[in-house]
Structures are given as structure tokens and as C-alpha cells.
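Residue numbers (our numbering): 3 to 388.
Written out as C-alpha cells, the structure reads:
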């Protein structure tokens, strides 16, 4: 398809989510880029909980035959200096923010976003994978008259299945002998504590029925103690209780547990798209830490994805354990695209100052910085008072 034949349409009404839903399955069959966070279920559930001081801006791409070939959901929010800015949809939860589209539509969507900066002070695009960036954003950025700030601070670790190689062989090569022995020991010792069962829920009814078990694990998880649990931010538990069963209807989610004598010890949340699995969350009961239940559940999930031929994406944030398991990686860029004006130049200075302040906070007190950031998100997501 010739990019010149692609028609762009911008929609500012939430009714567009129904339009996307009607054509979503057909788009998945031909899309080269699929953002697991931008499925209709995510968009609808997330938007229903947003404050009234913002409005959607969804860039749609259509072929000559009026087939949907791409879309990029953004949201208008009050910005700096009394202006309006464009943020990505699901900015407080998503780990990727590229559009779902065919490759020919990608540069056309980016160009449409660039043109919208004339109506907004800035557009913020966090966590764009390097291969999308290089192909669709960087070429336009080189000739853009607008200002920008670019950061490359995160890397996404991945496990890509190797044809003809079994998972056990991969595990033997990827993991050092000491780690393998320690892992095998933890498996044996955990088995002495009771009946060990791995449970996976992927249908609407099954996911809905296991959601209370996620609360039991989260309550005793060290992530919750560090203010980084999945339900730490106000309203998030209700959000995921509504969202995950809906994602299961279309095969976009998998919720897994490690149980000992039916007691949930660890749980894992995977987002699914054709050929890919994304680790959105993993937590375990701190009382069982010495048995490495998180690693055991993760190992179970990695083996399943390998057998399915899926790439397992740990998502941006390159923790040591992710690097140990991964056989591939990809940087993720962050972009602030800012209108070239007096107010835009002031905004760029303020954004840079905020970045530097947050960096210093993370270096001095990582826990405090995370707590403040999550509190800011919580306040931003509070519904308007009646």
C-alpha cells in the first residue's frame, strides 16, 4: 500500500471506540504494529474513569477501500502555562505508546500527530520502541521546525524463541549452573510445603473468579509495602477487576497463579497479542520469599510462551533478573515534541527542570520518588466531585 493513498481522520469524540472495536479484528490480521494496551477494551475501560477536564484525540488511518489500517489514541489534558497538551492514552498504566497500524500507515500517523502540535503546546510520547522510532519518528523529527526533548533511559528485555531449540536447552544455556541449582533446590523444598499447583485463567468466567486471589497476594507482596503494587494507586483495583475479564473475552490476557495447598503464593499478569506475550505484573507473598515463588511462576510462564512460539517481552525497565533470562533487548525512547514559540521554549525549560529534579530524587531516595510519582497519578485520576 502506498502511504500517499492513506487517508487520515481525527476524532474528538469517545464514540470512536465503538468504531475501532467494529474493525479491530480485521486490523489485527494485517497490522505490523500491535500495541497490547490500545485494544478497544483498554481504551473504553480506561476512558470511563477519566476526569472531565480532558477529551480524546484519536488519529485514524484508512485505506482507499475505507478499511481501518491504523489508529493512535491520545488525550488532551490541561498543560503547562495554561495551555493544552497531548498525552498518550493509558499514560498511567501502559508500557508502550506506539500506534496499532500497518507499517505504511505509521509515518502518516506520526505526521498527523506532528501537525496537531500547531493546536497544542506539546505532545508527550513515552516508551516508543527503537525500531518504530527509527522507521517512523526519527526521519520526521530531523526536519521538524518544532522543539523536542529526547530521552533513552529504558530498555525492554525479551525472550525470542529459537526455531528448533527446546525450552529446556535454552534454559540450560541462558542460566548459569549456580542459578539452575538454586532454582531446582527451591522447587524441591517448596514441594515439601504442600501440593504445588500452577493455575492459569484466560476466559471471562475464569479470570473474573480468580480476581479475589490476586488481592490476597498483593496484600502480602513486598511491592505493596514499597507502594508499587498493582492496586496501590486509588481506584486501580476496581479498574483491573473490570478490565481483565473484558480482555479475556477477546483472548488478550492470561492470569496465572502458583498455589500451595490452594493458597495463592504468587500471581502473574500477561497481556497477549499475536505472536507476543507481555509481562505486565508479577508479585508474590513475602512470607514465601525463601522459596522464590515469583521465579518459579515466571519459569512456568516462559516455558509456555516458548512452546507457543511467542516472544516474551518483559517491557521497559531493565531489571537484573530480566537481563539474566533475556536473549534479546530493545531500547525505548521518550519524546516531548513542543511547539516552537516563546511559550514553547519556556515549557521546554520547565520540562527539563522537572526531569532533572526527578532524576536527583530517584538517585537520593528511590522509594520516596516512586511514592510521590504514584501519589501524583492517584490525584490526577480522582473523579470529579459531583
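Built from N, CA and C at the ideal position, the CB exists for glycine as well. Note that the structure is predicted; figures quoted are calculated from it, not measured.
Nearest candidate by alpha-carbon position, reference residue i, set the options
i           : options            : result
residue 18  : 6, 5, 70           : 70
residue 327 : 304, 271, 141      : 304
residue 83  : 291, 363, 350, 358 : 350
residue 143 : 338, 37, 346, 202  : 338
residue 3   : 33, 14, 320, 98    : 33
residue 91  : 52, 109, 117       : 52
residue 357 : 155, 136, 42       : 155
residue 277 : 250, 283, 265, 313 : 313
residue 76  : 12, 85, 225, 132   : 12
residue 204 : 284, 213, 348      : 213
residue 47  : 147, 199, 113, 16  : 16
residue 267 : 292, 274, 244, 27  : 292
residue 254 : 160, 138, 42, 25   : 42
residue 113 : 65, 234, 180, 140  : 140
Residue span of the beta strand (DSSP E) that contains residue i, given as start and end
i           : result
residue 108 : Premise fails: residue 108 lies in the alpha helix (DSSP H), 108-118, not in any beta strand (DSSP E).
residue 283 : 278-286
residue 127 : 124-131
residue 201 : 198-203
residue 210 : Here residue 210 belongs to no beta strand (DSSP E); instead the alpha helix (DSSP H) covers 206-221.
residue 63  : 57-64
Three-state secondary structure assigned by DSSP to residue i
i           : result
residue 166 : coil
residue 272 : strand
residue 154 : strand
residue 161 : strand
residue 235 : coil
residue 315 : strand
residue 376 : Low per-residue confidence applies at residue 376: pLDDT is 49, beneath 50, and the placement is therefore not dependable enough to give any value.
residue 300 : helix
residue 328 : coil
residue 100 : coil
residue 185 : helix
residue 24  : helix
residue 75  : strand
residue 344 : helix
residue 387 : Any reading at residue 387 must be qualified, since the residue scores a pLDDT of 36, below 50, and its modelled position is unreliable; the value itself is stated next. Correct three-state label for residue 387: coil.
residue 19  : helix
residue 371 : Because the pLDDT at residue 371 is just 47, under 50, the model does not fix this residue reliably, and the value given afterwards should be weighed accordingly. It is helical.
residue 336 : strand
residue 252 : coil
residue 261 : strand
residue 382 : Residue confidence is low: residue 382 scores 49 on pLDDT, short of 50, so the model does not pin down where it sits. Its coordinate-derived value is still stated next. The answer is helix: DSSP assigns residue 382 an H, G or I state.
residue 351 : helix
residue 38  : helix
residue 147 : coil
Proximity of residue i and residue j at Cβ, strictly below 8 Å
i           : j           : result
residue 125 : residue 63  : no
residue 329 : residue 220 : no
residue 259 : residue 281 : no
residue 111 : residue 74  : yes
residue 341 : residue 123 : yes
residue 172 : residue 308 : yes
residue 223 : residue 263 : no
residue 22  : residue 30  : no
residue 256 : residue 272 : yes
residue 40  : residue 102 : yes
residue 95  : residue 86  : no
residue 158 : residue 318 : yes
residue 58  : residue 49  : yes
residue 325 : residue 192 : no
residue 261 : residue 199 : yes
Supposed contact pair residue j and residue i - C-beta distance, whole angstroms, cut 8 Å
i           : j           : result
residue 194 : residue 269 : No, residue 194 and residue 269 are not in contact; Cβ-Cβ is about 22 Å, not under 8 Å.
residue 130 : residue 99  : 6 Å
residue 353 : residue 104 : With 8 Å as the limit, residue 353 and residue 104 do not qualify as a contact, their Cβ atoms being about 32 Å apart.
residue 185 : residue 247 : Not confirmed; about 33 Å, so no contact.
residue 135 : residue 335 : 5 Å
Boundaries of the alpha helix (DSSP H) in which residue i is found, first to last residue
i           : result
residue 140 : 140-144
residue 12  : That residue, residue 12, is in no alpha helix (DSSP H); its beta strand (DSSP E) goes 9-13.
residue 90  : Where residue 90 is concerned, there is no enclosing alpha helix (DSSP H), although the beta strand (DSSP E) it sits in stretches over 86-90.
residue 42  : 42-49
residue 227 : 224-227
Residue i CB to nearest heavy atom of the ligand FMN below 7 Å
i          : result
residue 90 : The ligand FMN is not part of the structure shown, which contains no ligands of any sort.
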